[in-house]
Amino acid sequence: MPNPAKLLLDLLDSWEVPPNRSIKHARGFSGGELQAWQRHQLAAQWIAEIESSLNSFVATDDLDQVEAWIEQLHLWYAALFEPDRAWNLKIQEGLSPLSGSPRSMLRALIPMLDTAKAVPKSGAEQIAQLLAALADARKLVNESTYLNREVERYIKQLLDEAAIVAEEVEKYGEATLRARVFEVGGAMTALAEAPGVSEEEKSKWTARAKKILTVGMWTGYNAAVTMATQGAVAALPPSES
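Quick note on our numbering: the sequence shown kicks off at 944 and runs consecutively.
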């Protein structure tokens, strides 16, 4: 799994604005709008993954003075979006989106993440198990006769999104993968607890949810269900009565 700090630093360095050019031009918005925004999306995901790793350092006391890096997070977001600058205007002297102490801190974080192994990694076997669990859950959705169309479409969408992220985890990152896993598990747990669901069907949905949430040992089942359900239950379309 590539180091998110290195990926972020390389991308920000590539966005250095040459003299008499604009931020918009330097970031590739001349003819490739979607691709340019997708790069910004990936960069935001890398920062989120860095934050997750830093928080894990705090929880386990694996890194002294981790607060110094946490204090840089908002500066890295600022370098990504540059909210105080006009992206369309040419900059006479040129501009680097990240320089000085914020850049030095990000660069120093790269070996820290590599050494401490704080960035969770999903091996090929783990990914294969997750994809198999997602496929098994999709089979259950296809076989269920009591789901209304909106619920069925919603669950399949979550399953498909999780599978895409799992297959391209190098691109999307571990934090995004965990978020998709929690969404799927939470939605399926909510279905198991819906009114009118038989005990047999409840057992099937719960088993699939547990398998998805626990495969790879990312987190304990109960903690994962709690986190997932908070975000997923409210968004779940209502079942037909």
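We put the beta carbon where it would ideally sit given N, CA and C, even for glycine.
What separation, rounded to the nearest whole angstrom, lies between the Cα atoms of L950 and W989? Within the sequence shown, numbered from 1, the residue matching residue 950 stands at position 7. Within the sequence shown, numbered from 1, the residue matching residue 989 stands at position 46. Cα-Cα distance, rounded: 8 Å.
Can you tell which of G1037, L1073, A987 and A948 has the C-alpha that lies nearest to the C-alpha of E1104? For the purposes of this step, residue 1104 is taken as residue 161 along the sequence shown, with counting starting at 1. Measuring C-alpha to C-alpha distances from E1104 to each of G1037, L1073, A987 and A948 identifies L1073 as the nearest.
If you run the structure through DSSP and keep just helix, strand and coil, what is S1044? Here residue 1044 refers to the residue found at position 101 of the sequence shown. S1044 falls in the helix class under three-state DSSP.
If we call anything under 8 Å between Cβ atoms a contact, is P1045 one with L1018? Residue 1045 sits at position 102 when you count from the first residue of the sequence shown. Residue 1018 sits at position 75 when you count from the first residue of the sequence shown. L1018 sits close to P1045, with the two beta carbons spaced by under 8 Å.
Pair within 8 Å by beta-carbon distance, P961 and Q1035: In the sequence shown, the residue the question calls residue 961 occupies position 18. In the sequence shown, the residue the question calls residue 1035 occupies position 92. Going by C-beta atoms, P961 is not nearer than 8 Å to Q1035.
Collapsed DSSP secondary structure at V1140 in the structure displayed: What you label residue 1140 is simply residue 197 of the sequence shown in a count that begins at 1. In the structure shown, V1140 sits in coil (DSSP, three-state: anything other than H, G, I, E or B).
Identify, in the order they occur along the chain, each residue of the same chain with its Cβ nearer than 7 Å to the Cβ of L1016, setting aside the five sequence neighbours on each side. Sequence index remark: in the sequence shown, residue 1016 carries index 73 (1-based). Here the set comprises I990 and E994.
Would V1084 and E1093 be called neighbours here (beta carbons separated by less than 8 Å)? In the sequence shown, the residue the question calls residue 1084 occupies position 141. In the sequence shown, the residue the question calls residue 1093 occupies position 150. No, the Cβ-Cβ distance between V1084 and E1093 is not below 8 Å.
Please look up how many angstroms separate the CB atoms of R1050 and L1120, rounded, as I've assumed it's under 8 Å. Along the sequence shown, one-based indexing puts residue 1050 at 107. Along the sequence shown, one-based indexing puts residue 1120 at 177. Actually they are not in contact, since the Cβ atoms of R1050 and L1120 sit about 26 Å apart, beyond 8 Å.
Is the separation between the beta-carbon of L1102 and that of V1127 shorter than 8 Å? For the purposes of this step, residue 1102 is identified with residue 159 of the sequence shown, where counting begins at 1. For the purposes of this step, residue 1127 is identified with residue 184 of the sequence shown, where counting begins at 1. Yes, the pair counts as a contact, with Cβ atoms nearer than the cut-off.
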